[in-house]
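In this note's numbering, the protein residues as written are 211 to 654.
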């Protein structure tokens, strides 16, 4: 009989007094113990001296995760967290409630710069970036006020039916009475004010510009749907526990979102930018970077419900053409509906690396890609570079994936012309970037 393998002693709960170093990707800072152990510490700021309590890791771990539970020497960038549910071991939705807004954007800029250098070998100047992270319009608020930007909030429900949000890196529910970053239209629904017995999650959506409201219910196995009576008119969808499909209970199966002076149908809780200014901000950055011309042939990859495809179609005119590719079946249906006025726009369903080769397209003028958080990857980047586009716009929600793909583009003869960064997720570590790439000029 074999003995069970010995496990390394856990260090969870151990406390270390540490000097806090630079910010790292993911909403934490780096510190080292006197013994040289690396700590990823949340709820602290660069330059602080804190007591860090280990939340994950053992004697054999390459690094430990920890929370700052006592601040010995505070940074000048520290503020008292305005959210009463923020702090060590509590709601994991925000990372920087304890930092001034300007400092949050500076930290995000430092992360982008570090990822570009480490993964792409580029300085900010070489990436065409001035190093700033721009706030969204309307997010410049007095100290102590929090922008109400999140138009989509997925609430976690505990077994008793109480509303909350997940704790950091945990399935545990932190009960809340109000989410401070929720958009006004979400808060108006009063999700936190009632019990949701039998539900696992309740997602609330407040569409920008149209006033549409939607609630998506995910029941626990075998649970019955509650009667949803809210103060505002709202459509209700449910997630099927067997196949994960989204089905209409009552009201519309979609919401209407406004961007680029156009209404976009987004069905079954499909993807749309969460900040109310995000879609227009990113669309303008992409179009200003690409400078489409009449008659251009353009690709919109990972096109969602057609935001960029529609903007391109407007600008390339009747003699131009746009091909969009999207994996989500319902998103493809919505994109085709949203862009039906354009005769020379085609939307294909499937994965980019599978669909694009089948189209037979071997040359294009412009490319937009807005891949998922993992990025596009080497194979897709190589194929895109082979099409000889005049310019490529890369929209990225993860600076590490962006930097990796920029390095792949460099191997295929493309370099960044400009890079812009936008703080479209205040209080969190997330940041949105738009990089414009162009072919490297060959020596004569």
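Note that beta-carbon positions come from the ideal geometry of N, C-alpha and C, so glycine has one too.
Between the C-alpha atoms of residue 223 and residue 295, what's the straight-line distance to the nearest angstrom?
If you take the alpha carbons of residue 223 and residue 295, they lie about 21 Å apart.
Between 357, 567, 470 and 539, which has its C-alpha nearest residue 523's C-alpha?
Among 357, 567, 470 and 539, the Cα nearest to that of residue 523 is on 470.
Nearest to residue 233 by CA position, among 218, 249 and 220, is which residue?
When only C-alpha atoms are compared, the closest one is 249.
Using 8 Å as the threshold, is the C-beta distance between residue 402 and residue 382 below it?
Contact flag unset, no.
Taking C-alpha atoms, which residue in 603, 412, 311 and 609 lies nearest to residue 584?
Nearest option by C-alpha distance: 609.
Can you tell me whether residue 318 is buried or exposed? The criterion is at least 16 other CB atoms within 10 Å of its CB, across all chains shown.
It counts as buried.
Work out the CA separation of residue 320 and residue 680 for me, nearest whole Å.
The shown model of the chain, from 211 to 654, leaves out residue 680, and the question about it has no answer.
Since residue 603 is in the beta strand (DSSP E), which residue starts that stretch and which ends it?
Per DSSP, residue 603 belongs to the beta strand (DSSP E) from 601-606.
Could you round the C-beta distance between residue 346 and residue 619 to whole angstroms and report it? I think they count as a contact, below 8 Å.
Residue 346 to residue 619, Cβ: 27 Å. No contact.
Do residue 507 and residue 531 come within 8 Å of each other at the CB atom, strictly closer than that value?
Yes, Cβ-Cβ distance for residue 531 and residue 507 is below 8 Å.
Rounded to the nearest angstrom, what separates residue 374 and residue 366 at their Cα positions?
Approximately 5 Å between the Cα atoms of the pair.
Restricting to runs no shorter than 3 residues, where is the beta strand (DSSP E) found entirely within the stretch 289-364?
343-345, all fully within the stretch 289-364.
Let's see if you can read the secondary structure: which residues bound the alpha helix (DSSP H) around residue 619?
Start and end: 609-621.
Using a Cβ-Cβ cutoff of less than 6 Å, which residues in the same chain neighbour residue 220 once the five nearest sequence positions on both sides are dropped?
So the list reads 268, once near-sequence residues are dropped.
Closest to residue 496 by C-alpha separation, out of 257, 241 and 525, would be which residue?
The option with the nearest alpha carbon to residue 496 is 525.
Going residue by residue through the stretch 481-549, where are the continuous alpha helix (DSSP H) segments of at least 4 residues, counting only ones entirely within it?
DSSP runs (the alpha helix (DSSP H)) wholly in the stretch 481-549: 488-500, 517-526 and 539-548.
Mind the definition here: the stretch 639-653 touches the stretch 585-605 only if three or more C-beta pairs lie below 8 Å; say whether that holds.
A contact exists between the stretch 639-653 and the stretch 585-605.
Give the DSSP-derived three-state secondary structure of residue 566 in the structure shown.
Three-state result, residue 566: helix.
Less than 6 Å between C-beta atoms, sequence neighbours within five positions excluded: which residues of the same chain meet that for residue 344?
Excluding residues within five positions, the ones whose Cβ falls inside 6 Å are 632.
Using the C-alpha atoms, what's the distance from residue 551 back to residue 662?
Outside the shown range of the chain (211 to 654) lies residue 662, about which nothing can therefore be said.
Can you tell me the Cα-Cα spacing of residue 542 and residue 389, whole angstroms?
Straight-line Cα distance between these residues: approximately 32 Å.
Using alpha carbons as the reference points, say which of 384, 394 and 241 lies closest to residue 485.
Among 384, 394 and 241, the Cα nearest to that of residue 485 is on 394.
Roughly how many angstroms separate the alpha carbons of residue 266 and residue 379, rounded to a whole number?
Their Cα atoms are separated by approximately 10 Å.
CA-CA distance, residue 549 and residue 589?
For residue 549 and residue 589, the distance between alpha carbons rounds to 29 Å.
Does DSSP classify residue 595 as helix, strand or coil?
Helix, per DSSP.
Going by alpha carbons, who is nearest to residue 570 out of 392, 593 and 604?
Closest by alpha carbon: 593.
For a quick check, are the C-beta atoms of residue 361 and residue 418 less than 8 Å apart?
Contact: yes.
Rounded to whole angstroms, how far is the Cβ of residue 285 from the Cβ of residue 256, which I believe are closer than 8 Å?
Correct: roughly 7 Å between the Cβ atoms.
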